[in-house]
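Q: Quick mapping for you: the protein sequence lines, in order, are chains A and B. Basically the working numbering = 1-based index in the first sequence + 73. Basically the working numbering = 1-based index in the second sequence + 73. First, the structure itself, so that you have it in front of you.
There are 2 protein chains.
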Amino acid sequence: MSITFLEDGHAASPAGWGAATTACGIKYQGRDDLTLLVSERPCSAAAIFTTNLVKAAPLRYDMALIGRSAASLRAVVINAGNANACTGPDGEAAALAMARATESALGLPVDTVFVMSTGTIGVPMPVEKILGGITAAAKGLAPDNGPAAAAAIMTTDTRPKRCAARIDLPSGGAITIGGMAKGAGMIHPNMATMLATITSDAAVSPDVLDAALRAAADISFNSISIDGDTSTNDTLLVMTNGAAGSPLIDDMDSPDYQAFIAGLTAVCQRLAKEVVRDGEGATRFVTITVRGATSDADAKQAAMTIAKSPLVKTALYGADPNWGRVLCAMGYSGAEIDPDKVRLSFGGMPVLDGGMPLPFDEAAASDLLNVPEVTIDADLGLGEGEATVWTCDFGPEYITINAEYRT
Amino acid sequence: MSITFLEDGHAASPAGWGAATTACGIKYQGRDDLTLLVSERPCSAAAIFTTNLVKAAPLRYDMALIGRSAASLRAVVINAGNANACTGPDGEAAALAMARATESALGLPVDTVFVMSTGTIGVPMPVEKILGGITAAAKGLAPDNGPAAAAAIMTTDTRPKRCAARIDLPSGGAITIGGMAKGAGMIHPNMATMLATITSDAAVSPDVLDAALRAAADISFNSISIDGDTSTNDTLLVMTNGAAGSPLIDDMDSPDYQAFIAGLTAVCQRLAKEVVRDGEGATRFVTITVRGATSDADAKQAAMTIAKSPLVKTALYGADPNWGRVLCAMGYSGAEIDPDKVRLSFGGMPVLDGGMPLPFDEAAASDLLNVPEVTIDADLGLGEGEATVWTCDFGPEYITINAEYRT
Numbered sequence: 074m075s076i077t078f079l080e081d082g083h084a085a086s087p088a089g090w091g092a093a094t095t096a097c098g099i100k101y102q103g104r105d106d107l108t109l110l111v112s113e114r115p116c117s118a119a120a121i122f123t124t125n126l127v128k129a130a131p132l133r134y135d136m137a138l139i140g141r142s143a144a145s146l147r148a149v150v151i152n153a154g155n156a157n158a159c160t161g162p163d164g165e166a167a168a169l170a171m172a173r174a175t176e177s178a179l180g181l182p183v184d185t186v187f188v189m190s191t192g193t194i195g196v197p198m199p200v201e202k203i204l205g206g207i208t209a210a211a212k213g214l215a216p217d218n219g220p221a222a223a224a225a226i227m228t229t230d231t232r233p234k235r236c237a238a239r240i241d242l243p244s245g246g247a248i249t250i251g252g253m254a255k256g257a258g259m260i261h262p263n264m265a266t267m268l269a270t271i272t273s274d275a276a277v278s279p280d281v282l283d284a285a286l287r288a289a290a291d292i293s294f295n296s297i298s299i300d301g302d303t304s305t306n307d308t309l310l311v312m313t314n315g316a317a318g319s320p321l322i323d324d325m326d327s328p329d330y331q332a333f334i335a336g337l338t339a340v341c342q343r344l345a346k347e348v349v350r351d352g353e354g355a356t357r358f359v360t361i362t363v364r365g366a367t368s369d370a371d372a373k374q375a376a377m378t379i380a381k382s383p384l385v386k387t388a389l390y391g392a393d394p395n396w397g398r399v400l401c402a403m404g405y406s407g408a409e410i411d412p413d414k415v416r417l418s419f420g421g422m423p424v425l426d427g428g429m430p431l432p433f434d435e436a437a438a439s440d441l442l443n444v445p446e447v448t449i450d451a452d453l454g455l456g457e458g459e460a461t462v463w464t465c466d467f468g469p470e471y472i473t474i475n476a477e478y479r480t
Numbered sequence: 074m075s076i077t078f079l080e081d082g083h084a085a086s087p088a089g090w091g092a093a094t095t096a097c098g099i100k101y102q103g104r105d106d107l108t109l110l111v112s113e114r115p116c117s118a119a120a121i122f123t124t125n126l127v128k129a130a131p132l133r134y135d136m137a138l139i140g141r142s143a144a145s146l147r148a149v150v151i152n153a154g155n156a157n158a159c160t161g162p163d164g165e166a167a168a169l170a171m172a173r174a175t176e177s178a179l180g181l182p183v184d185t186v187f188v189m190s191t192g193t194i195g196v197p198m199p200v201e202k203i204l205g206g207i208t209a210a211a212k213g214l215a216p217d218n219g220p221a222a223a224a225a226i227m228t229t230d231t232r233p234k235r236c237a238a239r240i241d242l243p244s245g246g247a248i249t250i251g252g253m254a255k256g257a258g259m260i261h262p263n264m265a266t267m268l269a270t271i272t273s274d275a276a277v278s279p280d281v282l283d284a285a286l287r288a289a290a291d292i293s294f295n296s297i298s299i300d301g302d303t304s305t306n307d308t309l310l311v312m313t314n315g316a317a318g319s320p321l322i323d324d325m326d327s328p329d330y331q332a333f334i335a336g337l338t339a340v341c342q343r344l345a346k347e348v349v350r351d352g353e354g355a356t357r358f359v360t361i362t363v364r365g366a367t368s369d370a371d372a373k374q375a376a377m378t379i380a381k382s383p384l385v386k387t388a389l390y391g392a393d394p395n396w397g398r399v400l401c402a403m404g405y406s407g408a409e410i411d412p413d414k415v416r417l418s419f420g421g422m423p424v425l426d427g428g429m430p431l432p433f434d435e436a437a438a439s440d441l442l443n444v445p446e447v448t449i450d451a452d453l454g455l456g457e458g459e460a461t462v463w464t465c466d467f468g469p470e471y472i473t474i475n476a477e478y479r480t
């Protein structure tokens, strides 16, 4: 199995994909804020939505849509600057209007366009501006616009997140998986939103695609934490159009499926890690691995609890080899642990064994943490369960960004 | 029912209680760090311990002790500066030695002394210093030392937390309930620890006392959050010695029980709020009330999720009337909510109704938040469930305190 990331890859890198962007002036000045990502053929599609009970209007639209169009989706329209959340019946109408306008402008059947919004919540959508932008953008579709698309979906992100990988299938052909994401940036005046769209020219049946996306998300987008808050708009979409001409992947036991999910996971992980690297106020990228748990689920629960602990995250900011806070977080995580069996390392240096601190050089341990990429490894000594998650530290900049007084 | 807080009340205010403190030099210079709190008669006792699976040695000692001495406890010994956590078999021996030394110095039977420790974790206990301190302190027991006791248990707390209330019982007598707590201050190099001891001269049977403590803790110490981390040492102890001469309270349906639990709750809530007010880096004291939930438990879950959200807490620091973050937190809290029915107010000013933002004056709303005591009120519009919790905001000082580089 071979996965090769393309230089300068993006969501329109796979065959049969085009992108377009334009500036509607929804909120930002001097930049594009509306994106179309379009396949020349019908796609299999699958999506994962926020578990927050407060769901933005486009998510409610998409959740219904994906049920009836999982074999026929053609495009996604995305606006930045307004999340279309807490906008009532007008918001529902705006999401529907965006879909219909895109279908109309591109000459597509109804129910083939997925809608995403990110930005301020509780503000009425400037529908006319957005519909005008859709009409304008629809004239400029091109594969070369993939990088611009990744930039146009940004809110307080400091850089676009995009990539594409080429995967050689065991059955002979080659496919490309591309993607773009916007991350946990705080949207004045409201909340973080994670949006990600994955594209491919592979041919995958909708049910297999749905299973693949859930498995890949579990160890990528669902294994990251910036601040533990779950937004109203989080959406992960995958669309595959078969334009590569490779055989249909409709069997989860096939070698081609194994290659596809490996590629999908690699693309999702790369984008998810980029979201963490661009976390608000982050100065360190932290990889937390928990091994020896009684199950993978327990390992992930322990690792995510460490990743979310403000005490751990502030210690990481200070390059403090504070094993006590890590052990403490695992202790209240709900995962099964026996404190007397826990081993812990920072940057590869053992600091705790059998629940007891080892005599380690504090300054050397701090040096291992005072770097942009930090690792924390825990072994619970109970079983074979294992999980890796990614997070960032918690510096003063996080508070500055998120406490900014609204004017 | 009448509850009157005493001026300058403390844990030795109830009849038959004495306190003593001394300086052992465990960690701090120029201050007392060892405390004895002693009843002249055997007490009914009940305790609640951290749910963290990583439990400090004294907690393991006390958990066994309370089972066999719930009707005969006499004293508690408390040291500050070392949490006796992650200290292995030597730590177990140290906790036992502290109990035995106190029993011996005071001429008490074995298994009558409860042990608490707070401070650094993972550092061997300076047992000789502590045992010497116990012997010295035992000579100076006096009711007047209650205020000194509350000061000697502090770690990074900026002020002692203590109070006492007089409760008139319906059956005729009067009792006093006192208490002291130390709070969520970060202990260099490790974690927050909440210790609280409640004393009384009431006569209460051990099983009724246990039930009363759990009910009172649920709406006091278990309804506060500083940063969402649960420590290895959290302990809440109550001891009642009957010295007031009032009738035995052994019936949870009796009027005297109602008066007792009202007083116990009032004392616990006052101390718990003091812990929040002294939260690390806190600039605002925040009271969050959720009404209209389908159950009290759901209301509390929603309220505690708001209280723990870093996005809400940083917005509060910035006096930002950011209803979106509050609604979002309730949405992922796990509590049953219908976003279209939620009403929300900041400082009494409605900002959200039916899940939609109201046109409110942002500057006026910010003014309502830019005060030391802030209220957030949510009504879920679903049922009769209600809960109130207390938290603080999240300012840059929190990170400064917790990221401090260990030298």
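Virtual Cβ for every residue (Gly too), placed ideally from N, Cα, C.
Can you find a CB in chain B that lies within less than 8 Å of the CB of Thr-367 of chain A?
A: On the first sequence, residue 367 of chain A is found 294 positions in, with the first residue counted as 1. Not an interface residue.
Q: Looking at the structure shown, is Lys-373 of chain A part of a helix, part of a strand, or coil, going by DSSP?
A: Along the first sequence, one-based indexing puts residue 373 of chain A at 300. In the structure shown, Lys-373 of chain A sits in a helix (DSSP, three-state: H, G or I).
Q: Considering just the uninterrupted stretch of the alpha helix (DSSP H) at Cys-341 of chain A, what are its terminal residues?
A: Translated into the one-based positions of the first sequence, residue 341 of chain A becomes position 268. It spans 328-350 - the alpha helix (DSSP H) in which Cys-341 of chain A sits, taken as one unbroken run.
Q: With 16 as the cutoff for other CB atoms within 10 Å, does Gly-421 of chain A come out buried or exposed?
A: Mapped onto the first sequence, residue 421 of chain A falls at position 348. By the neighbour-count rule (16 or more Cβ atoms within 10 Å), Gly-421 of chain A is not buried but exposed.
Q: With a cut-off of 8 Å, does the C-beta of Thr-124 of chain B fall near any C-beta of chain A?
A: Stepping through the second sequence from its first residue, residue 124 of chain B is reached at position 51. It does: the Cβ of Thr-124 of chain B has a partner Cβ on chain A nearer than 8 Å.
Q: Would you verify that the beta carbon of Pro-482 of chain B is, or is not, closer than 8 Å to some beta carbon of chain A?
A: Within the shown structure, residues of chain B are numbered from 74 to 480, placing residue 482 of chain B beyond reach of any answer.
Q: Check the Cβ of Ser-145 of chain B against every Cβ in chain A and list those closer than 7 Å, keeping chain order.
A: Taking the second sequence and counting its residues from 1, the one referred to as residue 145 of chain B is at position 72. In chain order: nothing, as chain A lies at least about 30 Å away.
Q: By the criterion of Cβ-Cβ separation under 8 Å, what are the contact partners of Thr-308 of chain A in chain B?
A: Counted from its first residue, the first sequence places residue 308 of chain A at position 235. Going along chain B, no residue has its Cβ under 8 Å from Thr-308 of chain A, so there is no contact; the nearest lies around 15 Å.
Q: When the cut-off is 8 Å and only beta carbons count, does Thr-305 of chain A lie next to chain B?
A: Indexing the first sequence from 1 puts residue 305 of chain A at position 232. Closer than 8 Å: yes.
Q: So, for Arg-141 of chain B: in the same chain, excluding its five sequence neighbours on each side, which residues have a beta-carbon less than 8 Å away from its beta-carbon?
A: Working through the second sequence from its first residue, we reach residue 141 of chain B at position 68. So the qualifying residues of the chain are Asp-184.
Q: Check whether the Cβ of Phe-467 of chain B lies closer than 8 Å to any Cβ atom in chain A.
A: Counting from 1 along the second sequence, the entry for residue 467 of chain B is found at position 394. Closer than 8 Å: yes.
Q: What's the call for Ala-215 of chain B, buried or exposed, on a 16-neighbour Cβ count within 10 Å?
A: The sequence position of residue 215 of chain B within the second sequence is 142, counting from 1. Classification for Ala-215 of chain B: exposed.
Q: For Pro-412 of chain A, which residues in chain B fall below 7 Å Cβ to Cβ?
A: Taking the first residue of the first sequence as position 1, residue 412 of chain A is located at position 339. In chain order: Leu-126 and Val-127.
Q: With a threshold of 6 Å on Cβ separation, who are the neighbours of Ala-174 of chain A within its own chain once the five nearest residues in sequence on each side are excluded?
A: Within the first sequence, numbered from 1, the residue matching residue 174 of chain A stands at position 101. Within the same chain, Cβ atoms closer than 6 Å to the Cβ of Ala-174 of chain A are found at Leu-204 and Ile-207, the five residues on either side in sequence being excluded.
Q: Answer with yes or no whether the minimum CB distance from Pro-445 of chain B to chain A is below 8 Å.
A: For the purposes of this step, residue 445 of chain B is taken as the residue at position 372 of the second sequence. So no, Pro-445 of chain B is outside the interface.
Q: Can you check whether the C-beta of Met-507 of chain B is within less than 8 Å of a C-beta belonging to chain A?
A: Outside the displayed range of chain B (74 to 480) lies residue 507 of chain B, so it cannot be described from this structure.
Q: Taking Thr-387 of chain B as part of the alpha helix (DSSP H), name the residues at either end of that continuous run.
A: Taking the first residue of the second sequence as position 1, residue 387 of chain B is located at position 314. Unbroken alpha helix (DSSP H) run through Thr-387 of chain B: 383-390.
Q: Per DSSP, what are the beta-bridge partners of Cys-236 of chain A in this structure?
A: Taking the first sequence and counting its residues from 1, one reaches residue 236 of chain A at position 163. The partner list for Cys-236 of chain A (beta bridge, DSSP) reads A:Gly-252.
Q: For Tyr-134 of chain B, I'd like the list of residues in its chain whose CB is within less than 8 Å of its CB, leaving aside the five on either flank, ordered along the chain.
A: Here residue 134 of chain B refers to the residue found at position 61 when the second sequence is read from its first residue. Same-chain partners within the cutoff: Glu-165, Ala-168, Leu-169, Ala-172 and Val-188.
Q: Quick check on Glu-201 of chain A: does DSSP put it in helix, strand or coil?
A: Here residue 201 of chain A refers to the residue found at position 128 of the first sequence. The answer is helix: DSSP assigns Glu-201 of chain A an H, G or I state.
Q: Along chain B, in chain order, which residues have C-beta atoms closer than 9 Å to that of Gly-352 of chain A?
A: Indexing the first sequence from 1 puts residue 352 of chain A at position 279. The premise fails here: Gly-352 of chain A is roughly 12 Å from chain B at the closest Cβ pair, so nothing lies under 9 Å.
Q: Beta-carbon within less than 6 Å of Gln-342 of chain B's beta-carbon, same chain only, minus the 5 sequence neighbours each way: which residues are those?
A: Here the question's residue 342 of chain B lines up with position 269 in the second sequence. The answer, listed in chain order, is Ser-293.
Q: For Leu-179 of chain B, which three-state DSSP category applies?
A: Sequence index remark: in the second sequence, residue 179 of chain B carries index 106 (1-based). Residue state, collapsed to three classes: helix.
Q: Quick one, are the C-beta atoms of Arg-235 of chain A and His-83 of chain A less than 8 Å apart?
A: If you number the first sequence from 1, residue 235 of chain A lands on position 162. If you number the first sequence from 1, residue 83 of chain A lands on position 10. Cβ atoms of Arg-235 of chain A and His-83 of chain A: closer than 8 Å.
Q: Using a Cβ-Cβ cut-off of 8 Å, state whether Thr-387 of chain B counts as contacting chain A.
A: Counting from 1 along the second sequence, the entry for residue 387 of chain B is found at position 314. Answer yes: the Cβ-Cβ gap between Thr-387 of chain B and chain A drops below 8 Å somewhere.
Q: Contact criterion: CB-CB distance below 8 Å. Does Ile-322 of chain A meet it with respect to chain B?
A: As a working note, residue 322 of chain A is residue 249 in the first sequence. Chain B, which has no Cβ nearer than 8 Å to the Cβ of Ile-322 of chain A, makes this no.
Q: Helix or strand or just coil, what does DSSP make of Met-403 of chain A?
A: Within the first sequence, residue 403 of chain A is the residue found at index 330, counting from 1. Helix at Met-403 of chain A.
Q: Rounded to the nearest angstrom, what separates Gly-458 of chain A and Asn-443 of chain A at their Cα positions?
A: As a first step, residue 458 of chain A must be located in the first sequence, where it is residue number 385. As a first step, residue 443 of chain A must be located in the first sequence, where it is residue number 370. Whole-angstrom Cα-Cα distance: 29 Å.
Q: Can you tell me whether His-261 of chain A is helix, strand or coil according to DSSP?
A: Against the first sequence, residue 261 of chain A aligns to sequence position 188. Only weak support exists for where His-261 of chain A lies, its pLDDT of 37 falling under 50; the value from the coordinates is given anyway. Coil, per DSSP.
Q: Could you check whether the Cβ of Pro-21 of chain B sits closer than 8 Å to any Cβ belonging to chain A?
A: In this structure chain B extends from 74 to 480, so residue 21 of chain B is not present and cannot be described.
Q: Is the shortest distance between the beta-carbon of Asn-263 of chain B and the beta-carbons of chain A less than 8 Å?
A: Position 190 of the second sequence, counting from 1, holds the residue named residue 263 of chain B. Reliability of the predicted coordinates at Asn-263 of chain B is poor, the pLDDT of 41 falling under 50, and no value is obtained from them.
Q: Going straight from the alpha carbon of Arg-398 of chain B to that of Gly-456 of chain B, what length do you get?
A: Residue numbering aside, residue 398 of chain B sits at position 325 when the second sequence is read from its first letter. Residue numbering aside, residue 456 of chain B sits at position 383 when the second sequence is read from its first letter. Those two C-alpha atoms are separated by around 23 Å.
Q: Any idea if Gln-102 of chain B is buried or exposed, counting beta-carbon neighbours within 10 angstroms, 16 or more meaning buried?
A: Counting from 1 along the second sequence, the entry for residue 102 of chain B is found at position 29. Exposed, since its Cβ has fewer than 16 Cβ neighbours within 10 Å.
Q: Within 8 Å (strictly less), CB to CB, does Gly-397 of chain A reach chain B?
A: As a first step, residue 397 of chain A must be located in the first sequence, where it is residue number 324. Yes, because at least one Cβ of chain B sits closer than 8 Å to the Cβ of Gly-397 of chain A.
Q: If you reduce the DSSP assignment to three classes, tell me which class Thr-193 of chain B lands in.
A: Your numbering for residue 193 of chain B matches position 120 in the second sequence. DSSP places Thr-193 of chain B in strand when its eight states are reduced to three.
Q: Quick one, which of B:Cys-116, B:Thr-448, B:Asp-81 and B:Glu-80 has its alpha-carbon nearest Val-277 of chain B's?
A: Counting from one through the second sequence, the residue named residue 277 of chain B turns up at place 204. The shortest C-alpha to C-alpha distance from Val-277 of chain B to any of B:Cys-116, B:Thr-448, B:Asp-81 and B:Glu-80 is the one to B:Cys-116.
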